[in-house]
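S.K.: This is the structure I have questions about; it appears just below.
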Amino acid sequence: MAGGDGGSREGVQWPEPIQRVQKLAASSLDALPEKYVRPASHRAPLNAPLANLPVIDLSGLADPRTHSSTVQQIGDACTEWGIFHAINHGIPLSLIHRVQQVSKELFDLPYEEKEVYANKPGLPVGYGSHLGASNSGTMDWSDYFFHQLRPSTSYDADSWPAKPAAYRETVAEYGKQVYSLMRMLLLAVAENLRVDFSSVEEAFGGKDGFRLGFRINYYPPCPQPALALGVSSHSDPGVLTALLQDEVGGLQVRKDGTWYSVGTTQDALVVNVADQLEIFSNGRYNSVEHQVFPNTNRVRMSWATFLGPALDSVVSPAQQLVDQQHPPLYEGSLYREYISNVFKKGNNGKSYVRSHSLNKSASTMC
Ligand code: OGA
Ligand code: NI
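Numbering (our numbering), first residue to last: 14 to 379.
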């Protein structure tokens, strides 16, 4: 079956045959299969305290009386946590519910229909269960669908499922709305960092250069959640991420070495800083390290929309944020190389952004 034998691209093979976790979970397992069992040092805490994350009302940006204080809240959240709950984000709830519905219908399709979209190592668009072609470590307890919403304006037939019938149109509309929201957030970021918006755009590849990726995560019930991770610890490689999640929960974030649980906020989006924005802000903002703790009884789904720079952007600290008192903390990096490294090696905490740090004592921290 396509994808079941570790499909190859340019001779690259998956480290082992790909198994769909949804299928595995449905096979009445008593115990977690060995390859999903994490070493004790890499397991999630069972009772992570709830993170006291800011809940930011984004409608405040449009009102002159609350604009500045909302920008300040966004900046503070990006610095302190690198993540916040966004309410009144302007994306219609009816659209969010339709995205959730078509995604459930997609994962409920027979496996043969999903396998048509099975992704290739090193090219993660499509139906996947593994990240990192050369990553032979412990597997994550999840499956996903991933496709690019920008810059391409047409449906890429290799990764945009043709069924359910409303899928493409619904997800494309959601992508448009999230993109507008991302641009609004970037305007706030520019204002907070005191950098021209045109410099922000230029840094990430120009007005039309931004990429937008969309990933549906599907976390089946896990027989021994304490031994596994739904998604292993990582920071997102791009600029900003907007995450929609259902009511099940499981997302954890790390701050000053401690893992916290994020919880769920009805109808909110979780917005987080990603690596290229940490670099651009010269470390003023924190690309938050995060992971997902699996659930024993329930399927969890989440929808991540990733704003990223153009592939040929070389992202460095903004010139306006560098002076004698604030030397550059990161070397520039070509995004094409950055992202292909992630797709090759898989999730690995904050190792990618730290490998570009010019502060070598920070880069050796784990
Ligand atoms: C991701 C991610 C978190 C979640 O897709 O990059 O971190 O809660 N997802 O599913
Ligand atoms: Ni992530």
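Ideal placement from N, C-alpha and C gives every residue a C-beta, glycine not left out.
To which residues does DSSP link residue 315 through a beta bridge?
M.R.: 230, 258
S.K.: If you measure from each residue's Cβ to the nearest non-hydrogen atom of ligand 1, which ones come out under 6 Å, in chain order?
M.R.: Residues flagged by the Cβ proximity filter: 228, 230, 244, 249, 256, 258, 264, 303, 305, 315, 317.
S.K.: For the segment 54-73 against the segment 272-287, are there 3 or more C-beta pairs whose distance is under 8 Å?
M.R.: Judged by Cβ distances under 8 Å, the segment 54-73 makes contact with the segment 272-287, as three or more pairs qualify.
S.K.: Excluding five sequence neighbours on each side, which residues of the same chain lie with their C-beta closer than 7 Å to the C-beta of residue 260?
M.R.: 277
S.K.: Assign residue 270 to buried or exposed, taking buried as 16 or more other Cβ atoms, counted over all protein chains shown, within 10 Å of its Cβ.
M.R.: exposed
S.K.: How is the alpha helix (DSSP H) around residue 180 delimited, first residue to last?
M.R.: 180-206
S.K.: Can you tell me which of 216, 243, 195, 228 puts its alpha carbon nearest to the alpha carbon of residue 320?
M.R.: The shortest C-alpha separation from residue 320 is found at 195.
S.K.: Taking only the alpha-carbon atoms, compute the straight-line gap between residue 377 and residue 368 and give it to the nearest angstrom.
M.R.: Per-residue confidence for residue 377 stands at a pLDDT of 42, beneath the threshold of 50, marking its modelled position as unreliable; the derived number appears in the next sentence. If you draw a straight line from the Cα of residue 377 to the Cα of residue 368, it is about 9 Å long.
S.K.: Output the distance between the C-alpha atoms of residue 159 and residue 333, rounded to the nearest integer angstrom.
M.R.: Spanning the alpha carbons of residue 159 and residue 333 requires a straight line of approximately 35 Å.
S.K.: Cα-Cα, which of 61, 190, 358, 299 is closest to residue 342?
M.R.: 299
S.K.: Within 10 Å of its beta-carbon, does residue 303 have 16 or more other beta-carbons around it, so buried, or fewer, so exposed?
M.R.: buried
S.K.: Please state whether DSSP places residue 223 in a helix, a strand or coil.
M.R.: coil
S.K.: Would you check whether ligand 4 has a heavy atom nearer than 8 Å to the C-beta of residue 247?
M.R.: With respect to small molecules bound, the structure shown includes ligand 1 and ligand 2 and not ligand 4.
S.K.: Residue 68 lies in the beta strand (DSSP E); which residues open and close that run?
M.R.: 68-70
S.K.: Take residue 111 and list the residues in its own chain whose beta-carbon comes closer than 6 Å to its own, dropping the five residues that flank it on each side.
M.R.: Non-local beta-carbon contacts of residue 111 in its own chain, meaning distances under 6 Å to residues more than five positions away in sequence, involve 183 in chain order.
S.K.: Tell me the rounded alpha-carbon separation between residue 364 and residue 152.
M.R.: 18 Å
S.K.: Select from 242, 134, 76 the residue whose C-alpha is nearest the C-alpha of residue 46.
M.R.: When 242, 134, 76 are compared, the shortest CA-CA separation from residue 46 is found for 242.
S.K.: Report yes or no: do the segment 91-102 and the segment 281-293 share at least 3 C-beta pairs separated by less than 8 Å?
M.R.: yes
S.K.: For ligand 2, is there a heavy atom less than 8 Å away from the beta-carbon of residue 254?
M.R.: Yes, the beta carbon of residue 254 sits closer than 8 Å to at least one heavy atom of ligand 2.
S.K.: Can you confirm whether the segment 28-45 touches the segment 226-236 when touching is taken to mean that 3 or more C-beta pairs between the two stretches lie within less than 8 Å?
M.R.: Verdict: yes, contact present.
S.K.: Under the three-state reduction of DSSP, which class applies to residue 268: helix, strand or coil?
M.R.: strand
S.K.: From residue 169 to residue 188, what does the alpha carbon distance come to, in whole angstroms?
M.R.: 14 Å
S.K.: Are the CB atoms of residue 179 and residue 115 nearer to each other than 9 Å?
M.R.: Yes; because the gap between Cβ atoms is below 9 Å, this pair is in contact.
S.K.: Pick helix, strand or coil for residue 366, following the three-state DSSP scheme.
M.R.: helix
S.K.: Short check: CB of residue 318 to CB of residue 264, under 9 Å?
M.R.: no
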